[in-house]
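Just so it is clear: in the sequence shown, position 82 is 288 by the numbering used here, and no numbers are missing.
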Amino acid sequence: FQNRLNLGFSRGNNVGIRHALEKGADYVLLLNNDVIIEMNFLIHSLKIKADIVSPVVKFREFKDKPQLLYDLGGFVNWTTGRTTHLNTYKNEYLRYKGQKPISVDYVAGCCMLIKRQVLESIGFLDEKYFIYFEDVDYCITAKKHGFKVVVDPDSIIYHKLGGSMDRWSNRAIFHNLYSNFIFISKHLGIKKLTGYGYLSVLILKILKDRIMDSLTKSRIDILDNKKWRGARHNKPS
Numbered sequence: 207f208q209n210r211l212n213l214g215f216s217r218g219n220n221v222g223i224r225h226a227l228e229k230g231a232d233y234v235l236l237l238n239n240d241v242i243i244e245m246n247f248l249i250h251s252l253k254i255k256a257d258i259v260s261p262v263v264k265f266r267e268f269k270d271k272p273q274l275l276y277d278l279g280g281f282v283n284w285t286t287g288r289t290t291h292l293n294t295y296k297n298e299y300l301r302y303k304g305q306k307p308i309s310v311d312y313v314a315g316c317c318m319l320i321k322r323q324v325l326e327s328i329g330f331l332d333e334k335y336f337i338y339f340e341d342v343d344y345c346i347t348a349k350k351h352g353f354k355v356v357v358d359p360d361s362i363i364y365h366k367l368g369g370s371m372d373r374w375s376n377r378a379i380f381h382n383l384y385s386n387f388i389f390i391s392k393h394l395g396i397k398k399l400t401g402y403g404y405l406s407v408l409i410l411k412i413l414k415d416r417i418m419d420s421l422t423k424s425r426i427d428i429l430d431n432k433k434w435r436g437a438r439h440n441k442p443s
C-alpha cells in the first residue's frame with residue numbers, strides 16, 4: 207500500500223513493518239524499489255542463522271563487473287563515531303563468495319531481512335531519522351540487545367548508486383549531517399558533537415565520499431559512452 211505523503215525511510219517503512227507483524231509475519235524484508243534481485247537471494251538469506259541478514263550489494267550500473275562491491279555491511283569507529291563500509295568500490299567479491307556469513311556492525315537498509323523477535327524486542331526503526339543512518343542505528347541497537355547482524359556472501363542484489371536522491375545535493379548533505387548528529391548523540395553522547403576531532407573527521411569523511419562517488423559516476427559515464435559509440439559503429443549500414 208502507498209502512503210499519501212513522503213514520510214521518510216524510517217516512518218514509511220514502519221507502516222509496512224507494523225502491517226506485516228499484524229498479519230503474523232515471522233520475518234520482515236526491507237527492500238528498496240530501485241533494487242534488482244538475483245533469483246533465490248531470499249532463500250539463501252532465510253537459511254542464515256542470524257537475526258538481521260543482508261545480501262551482498264553490487265552496483266546496478268556495473269552488472270557487467272561481477273566482482274565490484276557496493277556494500278558489504280560496515281563497522282563503527284566508537285572513538286570518532288565514523289562509519290566505514292566494508293570494501294566498497296573494490297573488486298573483491300570472489301574473496302567472500304562461498305564463505306561463512308560476515309559479522310558486521312550494520313548492513314544496508316536497501317535490503318535487510320529482520321526476524322520478528324528483533325522487532326518485538328527493540329521496536330521499529332527510529333523515526334527521528336528521515337533518511338540516512340536509520341539502518342546503522344537499528345543494527346547497532348539490535349547488537350546492543352544481543353542480536354546478530356550479518357551479510358550473506360552467497361546472496362546478491364544490485365542497487366542504484368544514490369537512488370533515493372543526489373547524494374551531493376544540498377538537501378542530501380543536510381540530511382546526512384543531521385542524521386549523523388542524531389546517531390552520535392544517541393550512541394556516544396552529546397559531548398562527542400562538540401569535539402573538534404569529531405567535526406574534523408566528519409568533514410574529511412564527506413570529502414572522501416564525495417570524491418569516491420564522483421570517480422564512480424565518471425567510470426559509469428565513460429562505460430556508457432563506450433557502449434554507445436560501440437553500438438553506433440556496429441550499426442549495419
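Cβ atoms here follow ideal geometry from the backbone N, Cα and C, with glycine treated the same way.
Bear in mind that the values here come from a model prediction, so they are computed numbers and not experimental data.
Mark residue i as exposed unless 16 or more other C-beta atoms lie within 10 angstroms of its C-beta, in which case mark it buried.
{"i": "Asp351", "result": "Residue 351 is actually His in this sequence, not Asp. Exposed."}
{"i": "Met245", "result": "exposed"}
{"i": "Ile242", "result": "exposed"}
{"i": "Gly280", "result": "buried"}
{"i": "Asn382", "result": "buried"}
Quick check on this structure: which residue in the options has the alpha carbon closest to the alpha carbon of residue i?
{"i": "Tyr364", "options": "Phe339, Val263, His250", "result": "Val263"}
{"i": "Lys306", "options": "Phe389, Ala256, Gly214, Asn238", "result": "Ala256"}
{"i": "Leu450", "options": "Lys296, Glu267, Lys269", "result": "With the chain covering only 207 through 443, there is no way to say anything about residue 450."}
{"i": "Leu237", "options": "Leu325, Glu267, Pro261", "result": "Pro261"}
{"i": "Phe353", "options": "Glu326, Ile379, Tyr302", "result": "Glu326"}
{"i": "Tyr344", "options": "Asn382, Lys392, Thr286, Ala378", "result": "Lys392"}
{"i": "Asp360", "options": "Tyr384, Ile254, Lys334, Arg210", "result": "Ile254"}
Can the beta-carbon of residue i be found closer than 8 Å to that of residue j?
{"i": "Gln323", "j": "Tyr299", "result": "no"}
{"i": "His250", "j": "Asp358", "result": "yes"}
{"i": "Val356", "j": "Val259", "result": "yes"}
{"i": "Gly214", "j": "Phe336", "result": "yes"}
{"i": "Arg266", "j": "Lys349", "result": "no"}
{"i": "Val282", "j": "Ile346", "result": "yes"}
{"i": "Gly304", "j": "Ile390", "result": "no"}
Return the first residue and the last residue of the alpha helix (DSSP H) that residue i is part of.
{"i": "Gly280", "result": "Looking at the DSSP string, Gly280 is not in any alpha helix (DSSP H); the run it does join, the beta strand (DSSP E), is 280–282."}
{"i": "Leu235", "result": "Looking at the DSSP string, Leu235 is not in any alpha helix (DSSP H); the run it does join, the beta strand (DSSP E), is 233–237."}
{"i": "Ile249", "result": "247–253"}
{"i": "Ile363", "result": "No alpha helix (DSSP H) contains Ile363, which is instead part of the beta strand (DSSP E) from 355–365."}
{"i": "Glu333", "result": "Taken as a continuous stretch (DSSP letters only), Glu333 belongs to no alpha helix (DSSP H), as it is neither H nor E."}
For the beta strand (DSSP E) holding residue i, just list the boundary residues, first then last.
{"i": "Phe265", "result": "258–265"}
{"i": "Val313", "result": "Where Val313 is concerned, there is no enclosing beta strand (DSSP E), given that its DSSP letter is neither H nor E."}
{"i": "Thr289", "result": "289–291"}
{"i": "Ile346", "result": "Element bounds for Ile346: not the beta strand (DSSP E) but the alpha helix (DSSP H), 340–350."}
{"i": "Ile242", "result": "241–243"}
Decide if the region 210–225 is in contact with the region 335–350; the criterion is three or more beta carbon pairs, one per stretch, under 8 Å apart.
yes
Quick test of the definition: if touching needs 3 or more C-beta pairs under 8 Å, does the region 296–313 touch the region 220–234?
no
Three or more C-beta pairs under 8 Å: does that hold for the region 281–293 against the region 315–334?
no
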